[in-house]
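Going letter by letter, the sequence shown gives residues -28 to -1, 1 to 416 in mature numbering (1 follows the signal peptide of the UniProt record, and there is no 0).
Ideal Cβ positions, reconstructed from N, Cα and C, are used throughout, including at glycine.
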Amino acid sequence: MKLPAIRKIALALAMGACSLTAHPSASASGMDRAAIDVRGWAADTKGGAGGAIVRVTNLNAGGEGSLAAALATDGARIIVFEVGGVIDLQGASLNIRKPHVTVAGQTAPHPGITLIRGGLSVSASDVIVQHIAVRPGENGKPKKSGWEVDGLSTSGASNVIVDHCSFSWATDENLSASGARFNGKTPEDWPNGTSHRVTYSHNIIAEGLRNSAHGKGEHSKGTLIHDNAEQILLYGNLYSSNVERNPLVKGGAKVAVVNNLIHNPGKRAVHYNLIAHEWGERAPRTGAVTVVGNVLRGGPDTSPKTPLFSLGGSGDVSLFMQDNIAVDANGEPLPMMGRYTADTARVIQADQPYLPPGLAPLPAQGLESVIYASAGMRSWQRDAIDFKILSDVAEGRGNIVDSEAQSSGYPAYAPTRKAFVADDWNLADMSPKAGWQSLAVKRP
């Protein structure tokens, strides 16, 4: 694909308008209505489409009019925001336990919705979360105190899409997919007990806290896909300044890693590991990992010769790799593959990629421009934290941090208000009828 075409796609993605389920050379005229351009194996989910409109009217951690109350509502629902700013969770986390919900952060007035001092968990089916930021931070907790919070995690969830969100400063993973690993009578049953049919697309996953409140000490982690999770798609995300798990795929899981930009990993970029003592007497299952169209670019904290994909543990993995770029901070080539344990695991070269139907990856060459335009919670008008992260990546800066205070620090945005008008939105996909750029606030 020629560079001008890449730039056109980047602009379309920034407006939330480009569908890559068609070939990327398709005309923009056929793409201008899709709010989520790639759905992956979660394509069947409609979230809360067709359900009640539930309005969030304040930034309280709980109570009437809060996001917590909206999430606890029964029935299919689209959660919209008539307020923008920061929701301080005060050390708790929000839970999505009831199915058929869309969290439409794009409806909030500038600067959007940011959750701090807590995280978000999903244990329901048919869930769409879009255009919010989750930034747990240390919450004033002592080092190694055991305050271990994910930005967003799924637990036994299915048909989930997390799209155009921003995750940073988690004390556990920034973004993960998990659940009970060995539920069921046979190994064929195991994937049904953990998270499956999950798409994480166009997110910023950055600056997991290193030596912070996690009980193990160092725990700067991007994304964990737990054992036996299947039909997981990681698409179009930016990973920046996480020590490892960019992502980590554990034993028996089946994951497609497509068109992601991985910048300044510490020790590892993409890696696979079935840990024998966690499986006990159970026979290992062969995992499947497809790594297509990604870019790894080393940074100030990246260990020399860090490979794009590395293998550890004692379980085999079926691996398909194609059209990836891996360079260090000076543009010199990095290895495509490597190992980090001396155990018995083998790479089995796959003949065909493990991909959801209809997905046509972009070429790795030129991908960075697309990521800068598309990833994160509000690509049409960045908040200061995402702007810093993107600028650091673009200029080869940035560092792995131990506290949010070493980066941008918790935001203190003044609350803003704007009534939600249903007629202004395409309720089937929660795209604005006037186009995404119409959401930008014009500055004097």
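Classify S363 as buried or exposed, calling it buried when 16 or more other Cβ atoms lie within 10 Å of its own Cβ. For the purposes of this step, residue 363 is taken as residue 391 along the sequence shown, with counting starting at 1. S363 comes out exposed.
Helix, strand or coil for V413? Go by DSSP, reduced to three states. As a position in the sequence shown, residue 413 is number 441, starting the count at 1. Here V413 sits in coil by DSSP.
Going by beta carbon distance, what residues of the same chain come within less than 6 Å of V227, once the five residues before and after it are set aside? Position 255 of the sequence shown, counting from 1, holds the residue named residue 227. Answer for V227: I197, I204, V221 and V261, listed in chain order.
Cα-Cα separation, P334 to G265: Taking the sequence shown and counting its residues from 1, one reaches residue 334 at position 362. Taking the sequence shown and counting its residues from 1, one reaches residue 265 at position 293. The amino acid at residue 334 is misidentified as Pro; the sequence shows Leu. Rounded to the nearest angstrom, the two C-alpha atoms are 6 Å apart.
If you count every other CB in all the chains shown that lies within 10 Å of the CB of P276, and 16 or more means buried, which is it? Reading the sequence shown from its first residue, position 304 is the one you call residue 276. It is exposed - the Cβ of P276 has fewer than 16 other Cβ atoms within 10 Å.
Please go through the same chain and pick out, in chain order, the residues whose beta-carbon is closer than 7 Å to the beta-carbon of V413, but skip the five residues on each side of it. As a working mapping, residue 413 is identified with position 441 in the sequence shown. H82 and Q353.
Considering just the uninterrupted stretch of the beta strand (DSSP E) at V230, what are its terminal residues? Here residue 230 refers to the residue found at position 258 when the sequence shown is read from its first residue. Looking at the DSSP string, the run of the beta strand (DSSP E) that includes V230 is K226 to V230.
Going straight from the alpha carbon of D46 to that of K70, what length do you get? The sequence position of residue 46 within the sequence shown is 74, counting from 1. The sequence position of residue 70 within the sequence shown is 98, counting from 1. The C-alpha of D46 lies about 7 Å from the C-alpha of K70.
Tell me which same chain residues have a C-beta within less than 6 Å of the C-beta of N67, skipping the five on either side of it? Here residue 67 corresponds to residue number 95 of the sequence shown, with the count starting at 1. Residues of the same chain with a CB within less than 6 Å of the CB of N67, apart from the 5 flanking positions on each side, are S93 in chain order.
Of all the options A394, N200 and G407, which has the alpha carbon lying nearest to the alpha carbon of I25? Residue mapping note: residue 25 aligns to position 53 of the sequence shown, counting from 1. Here the closest residue by C-alpha is A394.
Buried versus exposed, by CB contacts within 10 Å (16 or more), I372: Against the sequence shown, residue 372 aligns to sequence position 400. I372 should be labelled buried.
Any idea what DSSP makes of G407, helix, strand or coil? Sequence index remark: in the sequence shown, residue 407 carries index 435 (1-based). Looking at G407 - three-state DSSP - the assignment turns out to be coil, as it is neither helix nor strand.
Same chain only: Cβ atoms within 7 Å of R11, ignoring 5 sequence neighbours per side: As a working mapping, residue 11 is identified with position 39 in the sequence shown. So the list reads I133 and T171, once near-sequence residues are dropped.
For L327, which of helix, strand or coil comes out of DSSP? By one-based count along the sequence shown, residue 327 stands at place 355. Coil, per DSSP.
Per-residue DSSP class, three states only, for A96: In the sequence shown, the residue the question calls residue 96 occupies position 124. In this structure, A96 counts as coil in the three-state DSSP scheme.
So, do the segment 299 to 310 and the segment 86 to 102 have three or more beta carbon pairs nearer to each other than 8 Å? Segments in contact, no.
Determine, using beta carbons only, whether G271 and A301 come nearer to each other than 8 Å. Mapped onto the sequence shown, residue 271 falls at position 299. Mapped onto the sequence shown, residue 301 falls at position 329. Less than 8 Å divides the Cβ of G271 from the Cβ of A301.
Report all residues from its chain with a CB closer than 7 Å to the CB of G109; omit the five preceding and five following residues, and keep chain order. If you number the sequence shown from 1, residue 109 lands on position 137. In chain order, I88, R89, W141, E376 and Y382 place their CB closer than 7 Å to the CB of G109, counting only its own chain and leaving out the 5 sequence neighbours on each side.
Start and end residues, beta strand (DSSP E) containing V73: Locating residue 73 in the sequence shown gives position 101, counting from the first residue. Residues V73 to A76.
Report, in whole angstroms, the separation of the C-beta atoms of D374 and N183, which I expect to be a contact under 8 Å. Translated into positions along the sequence shown, residue 374 becomes position 402. Translated into positions along the sequence shown, residue 183 becomes position 211. Cβ atoms of D374 and N183 come within 8 Å of each other, at about 5 Å.
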